[in-house]
Structure formats: C-alpha cells, structure tokens
Amino acid sequence: MAGRLADKVALVTGAAQGIGAGIARAMAAEGARVIAADRNVAGCEALADEIGVEALGLDVTSEDDWAAAARHIAASHGSLSILVNNAGVELVKPMTEHSLADWRWLMAVNVDGLFLGCRTMQSLLAASGAASVVNISSIAGLVGYPDQLAYNTSKGAVRHMTKSLAIEWASHALPIRCNSIHPGCIRTPMLEMAVEGWVREGSIPPDDPWAAVASLCPLNAVGSPDDIAMGAVYLASDEARFVTGIELVIDGGWVAR
Ligand SMILES: NC(=O)c1ccc[n+]([C@@H]2O[C@H](COP(=O)([O-])OP(=O)(O)OC[C@H]3O[C@@H](n4cnc5c(N)ncnc54)[C@H](O)[C@@H]3O)[C@@H](O)[C@H]2O)c1
Numbered sequence: 079m080a081g082r083l084a085d086k087v088a089l090v091t092g093a094a095q096g097i098g099a100g101i102a103r104a105m106a107a108e109g110a111r112v113i114a115a116d117r118n119v120a121g122c123e124a125l126a127d128e129i130g131v132e133a134l135g136l137d138v139t140s141e142d143d144w145a146a147a148a149r150h151i152a153a154s155h156g157s158l159s160i161l162v163n164n165a166g167v168e169l170v171k172p173m174t175e176h177s178l179a180d181w182r183w184l185m186a187v188n189v190d191g192l193f194l195g196c197r198t199m200q201s202l203l204a205a206s207g208a209a210s211v212v213n214i215s216s217i218a219g220l221v222g223y224p225d226q227l228a229y230n231t232s233k234g235a236v237r238h239m240t241k242s243l244a245i246e247w248a249s250h251a252l253p254i255r256c257n258s259i260h261p262g263c264i265r266t267p268m269l270e271m272a273v274e275g276w277v278r279e280g281s282i283p284p285d286d287p288w289a290a291v292a293s294l295c296p297l298n299a300v301g302s303p304d305d306i307a308m309g310a311v312y313l314a315s316d317e318a319r320f321v322t323g324i325e326l327v328i329d330g331g332w333v334a335r
C-alpha cells in the first residue's frame with residue numbers, strides 16, 4: 079500500500095544513516111514530504127539526493143538550529159504533520175568510568191534534543207490538524223543493561239517524556255499524538271561499532287559475530303532499519319489515529335522473555 083502518508087510533511091532527525099535513513103526512505107515511499115535532518119550535513123544531503131527529499135543541517139542539541147528549522151518549515155510548508163525524534167548516541171562503559179562530560183553529552187543529544195524538538199515544533203505540529211510525534215527509544219528504555227547507565231537512563235526518559243507529552247497534548251485538545259518505538263538489535267553503524275567492541279572484549283566470537291548477536295534474540299535474527307521504519311510509518315499515519323502514549327517494541331522478542 080503506498081500513499082499512507084500522502085500530503086504530510088515529516089521531519090526526521092538523525093536521518094543521515096541507520097534507522098533515521100530507513101525511516102526517511104519509508105516515509106518518502108508512502109508519499110510524505112520528508113525533511114531529512116542531521117548534524118552530518120553531507121550525509122543527509124547524500125540521502126536527500128538519492129531519494130528526492132529535502133536535507134536540513136540540524137544539531138538536535140542546539141536551540142538555535144531548532145528555531146531555524148521551525149522558521150524554514152513555517153515558510154516552506156506552513157505546518158508539520160510528523161516529527162520523528164530519532165537522533166541518538168550511545169556510550170558503553172562502567173558507571174565509574176562515565177565522566178560528567180560524558181553524561182551531559184549523552185543527555186544533551188538523547189533527552190534535551192527531544193525536549194527542544196517537541197517544544198519548538200509544537201505549534202507547527204498543531205497547525206497540521208492531525209500530527210504524530212514518534213520518539214525512538216530502545217529496549218534499553220524498558221530494561222537495564224550493564225555498563226549503559228547514561229544510555230539506559232536517557233532511553234527511559236524518552237519513554238516517559240513520550241507518555242507525558244501524549245497526555246499533555248491530549249489534555250489541551252491539541253491534535254498531536256505521541257508514541258515511542260523501542261528497537262532491539264538493529265544493524266546500523268551504531269550497532270556495528272558496539273559489535274566490534276564485543277568482539278574486542280571477547281564477549282562474542284570473532285568468526286561470525288552477527289550470527290552470535292542473532293542467537294541472543296528469540297527470533298534468531300538481527301533487525302534492519304526497515305523493521306523500525308514500518309512501525310514509524312504506522313504510528314505516523316492516520317491508521318493510528320486512536321493511538322497515543324504507547325510503547326511499540328520491535329525487537330524480535332528480546333524483552334518478551
Ligand atoms: N541500532 C540499534 O540497535 C538501536 C537499538 C535501539 C535504539 N536505537 C536508537 O535508534 C536511534 C538511531 O540509531 P542508529 O542505530 O541508527 O544510530 P547511528 O549512529 O547509526 O545513526 C545516528 C544518526 O544520528 C545522528 N546524530 C547524532 N547526534 C546528533 C545530533 N546531536 N544532532 C543531529 N543528529 C545527530 C548521527 O549523525 C547519525 O546520522 C538512536 O536514538 C538509537 O539510540 C538503535
């Protein structure tokens with residue numbers, strides 16, 4: 079089915095690669111006018127050229143960048159129907175090795191970025207008449223993992239900010255739904271870096287590390303950005319008009335155990 083997002087304007091952050099690029103592609107294929115945003119300007123321009131969407135330089139931690147993005151959307155599109163807060167960073171090391179600077183950097187991207195995005199775009203979202211915000215959390219926002227205190231905390235915050243905003247917007251009768259997606263292991267540059275680390279420290283074997291990662295998952299598979307993109311398209315579409323405040327887990331059964 080194509081055209082599920084026809085006539086909708088979608089801003090996707092962290093769209094230069096990985097899950098964000100997958101979501102941008104899938105939303106464009108469903109007819110959305112996609113703005114692929116990233117602090118990696120060359121990366122989002124390359125994607126934009128490839129799939130015929132708009133590219134926008136945006137560091138989600140910058141209030142000024144968000145204000146400029148809102149001015150651009152107001153002038154070029156008038157309103158915003160879909161905001162996907164996907165940009166995120168990860169840090170894997172024991173809590174005692176987290177510096178305060180590490181902690182603040184990670185929270186700035188994963189938590190402040192979402193707050194700034196939602197606050198800056200609220201009026202443009204409301205102006206669309208039927209908006210959807212999709213926040214990319216993680217299974218790490220549902221259960222704890224070792225050596226990921228900052229990341230776990232930030233993704234738990236994304237889960238809860240989602241519910242808080244869903245209820246705030248509904249209580250003010252603003253036409254903005256808000257849901258989170260919780261990916262499991264999805265093969266992207268972020269996970270590739272993590273897997274290299276697991277191989278280096280000997281927690282998975284070097285010969286076929288991806289088979290080892292897959293074997294940890296009940297469906298014996300590693301997900302792809304498309305798996306997450308399909309969930310994001312659903313939540314962004316009018317098919318999900320009665321869906322707000324939920325956590326959509328897409329993880330091959332990882333947290334069902
Ligand atoms: N890959 C996984 O297995 C997995 C699992 C659960 C959750 N997630 C979440 O999914 C999201 C995307 O992850 P991914 O695996 O595609 O990561 P990735 O590192 O491959 O891509 C992340 C993108 O975000 C951009 N980005 C980082 N900081 C930014 C900033 N300050 N402003 C704007 N853009 C910024 C990067 O330039 C990059 O293009 C993240 O929020 C991540 O926490 C990923």
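Residue numbers for the sequence shown, in my numbering: 79 to 335. The beta carbon of each residue, even a glycine, is placed where N, CA and C say it ideally should be. As the structure is a prediction and not an experimental result, all values here were calculated from the model.
Smallest Cα separation from L294: which of N213, A235, G262 and V112?
G262
A119 by DSSP, collapsed to three states: which one?
A small fix is needed here, since residue 119 is Val in this sequence, not Ala. Helix, per DSSP.
According to DSSP, A133 sits in a beta bridge with which residue or residues?
A114
Simplified DSSP state of V333, which is helix, strand or coil
helix
Own chain residues within Cβ distance below 6 angstroms of A124, not counting five before or after
none
What residue ranges within the region 232 to 262 form continuous beta strand (DSSP E) runs of no fewer than 3 residues, ordered along the chain?
254 to 261
Below 7 angstroms between beta carbons: does that hold for I97 and P303?
yes
So is the beta-carbon of G92 under 6 angstroms away from any non-hydrogen atom of ligand 1?
yes
Look at the alpha carbon of S157 and the alpha carbon of W276, and state the distance between them as a whole number of angstroms.
44 angstroms
Delimiting residues of the alpha helix (DSSP H) encompassing A102:
G96 to A107
Quick one: Cα of I282 to Cα of G234, how far?
27 angstroms
From which residue to which residue does the beta strand (DSSP E) around S210 run?
A209 to I214
Looking at the structure shown, is A93 part of a helix, part of a strand, or coil, going by DSSP?
coil
Are the CB atoms of A146 and A110 nearer to each other than 7 angstroms?
no
With a threshold of 8 angstroms on Cβ separation, who are the neighbours of A318 within its own chain once the five nearest residues in sequence on each side are excluded?
S210, R255, N257 and Y312
Could you have a look at I306 and say whether DSSP puts it in helix, strand or coil?
helix
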